[in-house]
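Protein sequence lines correspond, in order, to chains B and A. Letter 341 of the first sequence, counting from 1, is numbered 340 in numbering that gives the first Met the number 0, and no numbers are missing. Letter 196 of the second sequence, counting from 1, is numbered 195 in numbering that gives the first Met the number 0, and no numbers are missing. Data first, discussion second: the structure below is written as C-alpha cells.
Protein chains: 2
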Amino acid sequence: MTDVRVAGVGLTHFGSHPERTGRDLFATAALRAFEDAGVPRGDVEELNYGNFMGALAEHQGHQAPLMAEAAGVNCPATRYEEACASAGVAVREAVRTVRAGEADVVVAGGMERMTNLPTDEVTEGLAIAADDLFEVRAGVTFPGAYALMAKAYFDAYGGERRDLAHVAAKNHANAVPNEYAQYRQEVSVEEALDAPPVAEPLHLYDACPITDGASALVIVSEEYAAEHDVDAPVAVTGTGQGTDRMALADREHLARTPAADDAADTAYADAGVGPDDVDVAEVHDCFTIAEVFALESLEIADPGEGISAARDGVTTADGDTPVNLSGGLKAKGHPVGATGGSQIAELTRLLRGDHPNSDHVADAEVGVAHNAGGTVASAVVHVLEVAE
Amino acid sequence: MTDVRVAGVGLTHFGSHPERTGRDLFATAALRAFEDAGVPRGDVEELNYGNFMGALAEHQGHQAPLMAEAAGVNCPATRYEEACASAGVAVREAVRTVRAGEADVVVAGGMERMTNLPTDEVTEGLAIAADDLFEVRAGVTFPGAYALMAKAYFDAYGGERRDLAHVAAKNHANAVPNEYAQYRQEVSVEEALDAPPVAEPLHLYDACPITDGASALVIVSEEYAAEHDVDAPVAVTGTGQGTDRMALADREHLARTPAADDAADTAYADAGVGPDDVDVAEVHDCFTIAEVFALESLEIADPGEGISAARDGVTTADGDTPVNLSGGLKAKGHPVGATGGSQIAELTRLLRGDHPNSDHVADAEVGVAHNAGGTVASAVVHVLEVAE
Chain B
0 MTDVRVAGVG
10 LTHFGSHPER
20 TGRDLFATAA
30 LRAFEDAGVP
40 RGDVEELNYG
50 NFMGALAEHQ
60 GHQAPLMAEA
70 AGVNCPATRY
80 EEACASAGVA
90 VREAVRTVRA
100 GEADVVVAGG
110 MERMTNLPTD
120 EVTEGLAIAA
130 DDLFEVRAGV
140 TFPGAYALMA
150 KAYFDAYGGE
160 RRDLAHVAAK
170 NHANAVPNEY
180 AQYRQEVSVE
190 EALDAPPVAE
200 PLHLYDACPI
210 TDGASALVIV
220 SEEYAAEHDV
230 DAPVAVTGTG
240 QGTDRMALAD
250 REHLARTPAA
260 DDAADTAYAD
270 AGVGPDDVDV
280 AEVHDCFTIA
290 EVFALESLEI
300 ADPGEGISAA
310 RDGVTTADGD
320 TPVNLSGGLK
330 AKGHPVGATG
340 GSQIAELTRL
350 LRGDHPNSDH
360 VADAEVGVAH
370 NAGGTVASAV
380 VHVLEVAE
Chain A
0 MTDVRVAGVG
10 LTHFGSHPER
20 TGRDLFATAA
30 LRAFEDAGVP
40 RGDVEELNYG
50 NFMGALAEHQ
60 GHQAPLMAEA
70 AGVNCPATRY
80 EEACASAGVA
90 VREAVRTVRA
100 GEADVVVAGG
110 MERMTNLPTD
120 EVTEGLAIAA
130 DDLFEVRAGV
140 TFPGAYALMA
150 KAYFDAYGGE
160 RRDLAHVAAK
170 NHANAVPNEY
180 AQYRQEVSVE
190 EALDAPPVAE
200 PLHLYDACPI
210 TDGASALVIV
220 SEEYAAEHDV
230 DAPVAVTGTG
240 QGTDRMALAD
250 REHLARTPAA
260 DDAADTAYAD
270 AGVGPDDVDV
280 AEVHDCFTIA
290 EVFALESLEI
300 ADPGEGISAA
310 RDGVTTADGD
320 TPVNLSGGLK
330 AKGHPVGATG
340 GSQIAELTRL
350 LRGDHPNSDH
360 VADAEVGVAH
370 NAGGTVASAV
380 VHVLEVAE
C-alpha cells in the first residue's frame, strides 16, 4: 500500500461571491492547487468533486465533467454528494484510489455557491440535508435541529450558553489572520452572548454563515512525489467514514454523534495513531455545539467534557490541542460542498508551517479533520501526518 | 487483486410509481438483492448509491444515509451523481473498493423518482445534466441535443430514420418478456416511423420514457463468496470511466462520444478482453441514436456502421451480439439514477441464465454494460464474465 501525500492545496476566498459562477470558483481553487503542488494538469488521472445543492443554486447537476473542463484536466471526473461532508467523501475516495494504485495523481475538492439565492431559498436548500418526510415538512431547519441537540447535551452533561460563546470567540479570533476567511473580525464572549437568538440556546454567533467558495487538493502517491521531485511533506495516513439515521427522532441519543465516532475510530486505526497523538484539528463547527460533538467523537475530550474545552483554553490557539485554527466553518465560512476539502487544505498549511496560524503549532506532527453531513447522519474523518 | 463477483441483483418494476417514495423504491431493490444473493445485511460494509435529481424531485439531498437506513444496513454510505451515469460510477467505485481489499461486501445501485413531478418540471429537471449557462438557457433540452447529434451522424456517415426505427422495434420486442420493463409491448418499424416527431429526426419511439425505479447489486470478493458458500458465477472483470466537455458546442465531433470510447478502452484493457469477445451488451439508449453511438464506442460496430446494426439483425435477440435484451432504456425504462445498476443486474441475469431472454444468449460468457451521462459528457463501461 502506497503512502498518500498532499502535494498541493488551493482555496478561493470564502465569502459572498454571487457574481461568480461555480465553475469559476472551482477553477480558481484547482489552479491554485496545481501551482502550489508544482504538478502539471496533464498528470491528473481522476477528479473527485464535492457539491451539495447545485441543482437548486445553479440549476446545474452533472457538475463533475464541467469542473474537469474548468480546471483544464481530461480524466474521469465524479461528483460526490454527502450534504456538508461532500468534499470529505471526495477526498476519502481519492485517498483510497491512490492507495490502491489505481491512480498516482487525483484532484479532490468541492464547491458551493449559495449567496446568489435569496435567503429563504438558501434555508430551504440546506434543508434537503435533513429528512424531508419526517423533519423538513414538520418545520425542522438546521438551526432548530442543532438547538435540539444542544439542549439534549445540556440536559445530559450540563453546560451553558457561555461555554458555546467561547467556541465562537475562539474561532473568530483564529480567522483574523486567515486570508481566505469570510469573517476576519474578533467576536467577544459577551458579544456572542448578547447576539440575537436564532433557535434557543443558539444565537447568531453560534451559527456559521452562508458562504460561496471552493477547495482543491492535489493528492499523489509517495512514489509520484519522489519521482517528480514534488515537495509533499504531509501524508494522509488515516481515513474513516460513518453513517447514522437521518432523522433526529430515530436516534438513540441526541447529544452523541455515532457516525463521527465510527469515522474517527476507523481513521485512527487506519493511521495507527490515537487521540493523544493529535496536535491540531479542524472540525465541523456548523454550529458551536457541533464543535463540542466533534471533540468528543474525536476523543479529544471525554463525553461531557467537550463543552468546556474552549472556555478552559484546551482548544484555543495556544491550548493543548488547537481546534479550528482556520477559523472553522463558524468564522472562515461554510461553502457546503467545499468544506471537507478546505479542512484538509488548512491542516496541510498548518502542518507545513505556511499557514498564518502555523506559529501556534510549530511542532505539530499529527492533524485530524472532522467533516459531517447534516446533523451528522454522515461523517468523514482524516488523519494527516508530517511525513518528512 | 481479488476477483469481484456479483452475488445478487435486485430491481423494482420500472414504470410510473408516483405514490411510492424514493426510500421505498430503493429498499425494495436492495431487499431483493439480499435475497437473491443470500448475503445477510449485516455483512454489508459499504453502500454506494446513485441518484440524479432527488433535490428537485423529492426535495431530498443527503440520500445515502437515508437509503442505508431504508435498506437496513449500518455502514458508510455515499451518494454518487453523474447524471444518467450515477449508478454506473457507484458500481465502479464498489468494484474498485472490493478489488482494493477495502471491503468484501458492497451494495451498489441507485434510484430515481420522476413521475411524481409535472412533465414540464421533469424536462426542466433532466436539463440540469446539460450545461446550464451555454445550453439550457439557450433552449436546449435532451431530445434537441440528441437530435443535433443524430443529424451530425447522418451527415458524417449516412443513415436514416428507418435505421433508428429498427433500434426502437428491437428494444421494444426485447422488453416484452421482461417482468421489470415499463413498456412490454411490441412497436413495429412502421409504427415508429409514423409516430409524432419530438425533435427531428427523432420521433416518439426514438426516446426513452420518464420512469421511476431502483436497482441494487450485492458485490462481493471471490474470497467472501467461497467462504460463505455464496453462489456468484458472474464476475466484474473490467471497469472504465471517461469524461468529455459538457456543452455540445465545445465538442470536436457531434457524432462521436469519446468519453465512452475512453471508458470502453479502459474497461476492455482492465478485463483483458476485446470487442470481439463480447457476446451480449446493455447500452445507454436514452434515444435510439445513442445506442448507435454506444455500439461504436464499444467497437461492436465500426464508425459509421453502428447505424445499420439493428436493421441488419446484428444486434437483435438472435443476432451475433444481442444488444439491450432487457428492453434497454428505450422500452424497459430509464429511472436516471438507477439505470447503471439495472444494466449490470440485467447482464448478470442474462449470463446466469435466469433472465427471460437468456435463451437468446445461452452460450454467452462476456457481457458489456455502457452507461452514459447527459450527452455523454461522462461514461462508465463494465465488463462482466462468467467465472465458473
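Note that the Cβ used here is the ideal one computed from N, Cα and C, for glycine as well.
Going by the beta-carbon positions, is the gap between residue i and residue j smaller than 8 Å?
i, j, result
"B/ALA263", "B/GLY239", "yes"
"A/VAL389", "A/VAL272", "Any answer about residue 389 of chain A is impossible in this case: the structure gives chain A only from 0 up to 387."
"A/ARG4", "A/VAL219", "yes"
"A/ALA363", "A/VAL279", "yes"
"A/GLU345", "A/GLU281", "yes"
"A/ALA258", "A/THR242", "yes"
"B/ALA29", "B/ALA215", "yes"
On the DSSP letters alone, give me the boundaries of the beta strand (DSSP E) that residue i sits inside.
i, result
"B/SER377", "377–385"
"B/VAL105", "104–111"
"B/LEU324", "Here B/LEU324 belongs to no beta strand (DSSP E), and DSSP marks it neither H nor E."
"A/ARG4", "3–10"
"B/PRO196", "196–198"
"B/LEU297", "From DSSP, B/LEU297 is part of no beta strand (DSSP E); its letter is neither H nor E."
"A/VAL219", "212–220"
In this structure, how does DSSP classify residue i when only helix, strand and coil are distinguished?
i, result
"B/GLN342", "helix"
"A/TYR156", "helix"
"B/ASN370", "strand"
"B/TYR145", "helix"
"A/ARG136", "helix"
"A/PHE408", "Given that chain A is displayed from residue 0 to residue 387, the structure contains no residue 408 of chain A and the question cannot be resolved."
"B/VAL43", "coil"
"A/ARG393", "This structure gives no information on residue 393 of chain A, because the portion of chain A shown stretches from 0 to 387."
"A/ALA206", "strand"
"B/ARG78", "strand"
"A/GLU226", "helix"
"A/TYR267", "helix"
"A/ALA163", "A small correction: the amino acid at residue 163 of chain A is Leu; Ala does not occupy that position in the sequence shown. Reduced to three states, the DSSP call for A/LEU163 is helix."
"A/LEU247", "helix"
"B/GLY318", "coil"
"A/VAL88", "helix"
"B/LEU201", "strand"
"A/GLY49", "strand"
Among the residues of its own chain, which have a CB less than 8 Å from the CB of residue i, if the five just before and after it don't count?
i, result
"B/HIS16", "LEU24, ARG112, THR114, ASP211, GLY212"
"A/ALA361", "GLY352"
"B/ALA254", "MET148, ALA151, TYR152, ASP154, ALA155, TYR156, PHE292"
Give me, in chain order, the residues of the same chain whose beta-carbon lies closer than 6 Å to that of residue i; leave out the 5 immediate sequence neighbours on both sides.
i, result
"B/MET66", "PHE25, TYR48"
"B/GLN62", "ASN50, GLY53, ARG78"
"A/GLU298", "PRO274"
"A/ARG310", "ASP162, HIS165"
"A/PRO200", "ALA149, ARG160"
By Cβ distance below 7 Å, which residues in the same chain neighbour residue i in space, the five residues on each side in sequence not counted?
i, result
"B/THR140", "THR122, ALA126"
"A/ALA69", "ARG22, PHE25, ALA26"
"B/SER187", "ALA168"
"A/THR338", "CYS83, ALA86, LEU328, ASN370"
Could you give the first and the last residue of the continuous alpha helix (DSSP H) run that contains residue i?
i, result
"A/SER187", "No alpha helix (DSSP H) holds A/SER187; DSSP gives it neither H nor E."
"B/GLY237", "Counting along the chain, B/GLY237 falls outside any alpha helix (DSSP H), though it belongs to the beta strand (DSSP E) covering 233–242."
"B/LEU24", "21–36"
"B/ALA280", "Here B/ALA280 belongs to no alpha helix (DSSP H); instead the beta strand (DSSP E) covers 279–281."
"A/GLN62", "62–70"
"A/LEU125", "118–125"
"A/ALA99", "Note, A/ALA99: premise wrong, no alpha helix (DSSP H); not H, not E."
"B/GLY14", "It is not in any alpha helix (DSSP H) - B/GLY14 carries neither H nor E in the DSSP assignment."
"A/ALA54", "53–56"
- Task: Pull out every residue of the stretch 65–83 of chain B whose Cβ sits closer than 9 Å to any Cβ of chain A, in chain order.
- Result: LEU65, ALA67, GLU68, VAL72, ASN73, CYS74, PRO75, ALA76, THR77, ARG78, TYR79, GLU80, GLU81, ALA82, CYS83
- Message: Against chain A, which members of the stretch 7–21 of chain B pass a CB distance test of less than 9 Å?
- Response: THR20
- Item | Contacting positions in the stretch 92–108 of chain A - beta carbon closer than 9 Å to chain B | Within the stretch 92–108 of chain A, the qualifying residues are GLU92, ARG95, THR96, ARG98, ALA99, GLY100, GLU101.
- chain A contacts made by the stretch 31–63 of chain B, where a contact means CB separation under 9 Å: GLU45, LEU46, ASN50, PHE51, MET52, GLY53, ALA54, LEU55, GLU57, HIS58, GLN59, GLY60, HIS61, GLN62, ALA63
- Message: Tell me which residues of the stretch 213–240 of chain B have at least one Cβ-Cβ distance to chain A shorter than 9 Å, keeping chain order.
- Response: GLY239, GLN240
- Residues, ordered as in the chain, of the stretch 277–300 of chain B that lie near chain A by beta-carbon distance below 7 Å: none
- Taking only beta carbons into account, state which residues of the stretch 336–354 of chain A come closer than 8 Å to chain B, listed in chain order. none
- Task: Report the residues of the stretch 125–148 of chain A with a CB closer than 8 Å to any CB of chain B, ordered along the chain.
- Result: ALA126, ILE127, ALA128, ALA129, ASP130, ASP131, LEU132, VAL135
- Check each residue of the stretch 352–379 of chain A: if its Cβ is closer than 8 Å to any Cβ of chain B, include it; give the result in chain order. If the cut-off is 8 Å between Cβ atoms, the stretch 352–379 of chain A has GLY372, GLY373, ALA376, SER377 near chain B.
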